[in-house]
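Read the structure below first, then the notes.
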Amino acid sequence: MAFAISRPRHCGLTSGALLLLLTVVAVSGSTRSTLPVLKSATCDAFLYASLSDDGAKTSTNSTAISSDARRDSSTSDGVEDVPLSTPATEDRNVLDDTVAGQLGVVKPVADCEALLGIDLSGITEEGHAAVTSAAETIHEGTLYCSVEGTLPASTQWQVLLPVRTWTQRYMQIGCGGLCGNIRMQVNAAFGSRQVSGGEFVLAATDMGGAMDGKVFANNSGRRKSFAYSAHHLTALVSKTLIQAYYGQKPSYSYFNGCSDGGREGVMEAIRYPNDFDGIIAGAPAMLFQFQNSLHHGWLAMSNIDGLMPELPPHEAWSTARSSRA
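Position one of the sequence shown corresponds to residue 610 (my numbering), numbered consecutively onward.
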């Protein structure tokens, strides 16, 4: 896996702390592997190289550590030990300049409407995953098969499958704030020829959330969905649909998110590292206790007239200091 992380501006963690958190070491005999981390200056400054024409090249601001570390994500919740697999240079998931820009177009082997009949009941233990609609549509100039459906805890998802232009890549898009909506905005991948040209299957989920947060109060299922499960299940659903529609799995899968979407990428890397070959985690909003108890309250008070006490003028501070002298 490759990992891209921006220096967090509003997540309450330093870059060093996040890099320490996200570095996983597997040791077997004399061989050591580390979960790759790439870092860049801002949320949108880094374009993961595999989305561009430059293969696995990174920007001058980025540091790359190649690795073959993998985790077993077969269980729904647990984080397993990291097994040492084949050397990174022999792993099909490791990109190089000769591969990234040369994936051929794969055409559908099924009608879009046929995806309505896909059985997704085995995706979750609860058995509440289902397709609710499947129809061709135009999105930003590209013809897609748009498939929508549900997951447990009233969670919604959407997958856009290119009808004529798919080059075996998949990108899942993170959601900001407390989510509650599906937005197909590629953010850090904006400007990628492959993405703008409709070569990627795109997917997103509302994570069972809502911007006011009330839905989480007495619903543990929605809290779990928002915390980590929605994106994992959406990845499983998307890959099932890709297999059914094109007759093959994606060659490369990526996650791309910023703010809470960055946090979602971090959770994927920690809990389900086999879901994606590369992750962009921009400005991960990790410290929810601080954000919800202090940060947002302070912002509201400081930006609404009358809620914050007026600070004394400069002259008052000077007088106070003089009187104490």
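Every residue gets a Cβ at the ideal spot worked out from N, C-alpha and C, and that includes glycine. Values in this document were obtained by computation on a predicted structure and should not be read as measured data.
Is residue i helix, strand or coil by DSSP?
i	result
residue 766	strand
residue 780	strand
residue 668	Caution applies to residue 668, whose pLDDT of 33 falls short of 50 and renders its modelled position unreliable; the value that the coordinates give is listed next. Residue state, collapsed to three classes: coil.
residue 927	helix
residue 932	helix
residue 724	helix
residue 883	coil
residue 902	helix
residue 790	coil
residue 890	strand
residue 799	coil
Here's the rule: buried if 16 or more other CB atoms are within 10 angstroms of the residue's CB, otherwise exposed. What is residue i?
i	result
residue 909	exposed
residue 826	exposed
residue 762	buried
residue 915	exposed
residue 932	exposed
residue 811	buried
residue 802	exposed
residue 907	exposed
residue 760	buried
residue 930	exposed
residue 928	exposed
residue 748	exposed
residue 714	exposed
residue 889	buried
residue 778	buried
residue 905	exposed
residue 755	buried
residue 735	exposed
residue 903	exposed
residue 834	buried
residue 847	buried
residue 913	exposed
residue 690	Residue confidence for residue 690 is low, a pLDDT of 37 falling below 50, so the modelled location carries little weight; the figure read from the coordinates is stated next. So residue 690 ends up on the exposed side.
Can you tell me where the alpha helix (DSSP H) holding residue i begins and where it ends?
i	result
residue 878	869-880
residue 830	829-833
residue 855	839-855
residue 804	802-805
Measure how close the beta-carbons of residue i and residue j come, nearest whole angstrom, since I'm counting them as under 8 Å.
i	j	result
residue 853	residue 719	6 Å
residue 770	residue 845	Not really, about 15 Å apart at Cβ, beyond 8 Å.
residue 757	residue 741	5 Å
residue 798	residue 780	7 Å
residue 722	residue 775	At roughly 18 Å, the Cβ-Cβ gap does not stay under 8 Å, so residue 722 and residue 775 are not in contact.
residue 739	residue 842	With 8 Å as the limit, residue 739 and residue 842 do not qualify as a contact, their Cβ atoms being about 12 Å apart.
residue 789	residue 819	4 Å
residue 855	residue 717	6 Å
residue 578	residue 871	Any answer about residue 578 is impossible in this case: the structure gives the chain only from 610 up to 934.
residue 768	residue 752	Not quite, the Cβ-Cβ distance comes to about 14 Å (not below 8 Å), so this is no contact.
residue 764	residue 815	7 Å
residue 877	residue 884	6 Å
residue 837	residue 880	6 Å
residue 859	residue 610	No, residue 859 and residue 610 are not in contact; Cβ-Cβ is about 15 Å, not under 8 Å.
Locate the beta strand (DSSP E) running through residue i, then write down its first and last residues.
i	result
residue 906	Run containing residue 906: none in the beta strand (DSSP E); it sits in the alpha helix (DSSP H), 905-911.
residue 742	739-748
residue 755	751-760
residue 814	809-814
Exercise. Quick one: any contact between the stretch 778-792 and the stretch 855-868, if contact means 3 or more CB pairs under 8 Å?
Worked result: Judged by pairs of C-beta atoms under 8 Å, the stretch 778-792 touches the stretch 855-868, as three or more such pairs exist.
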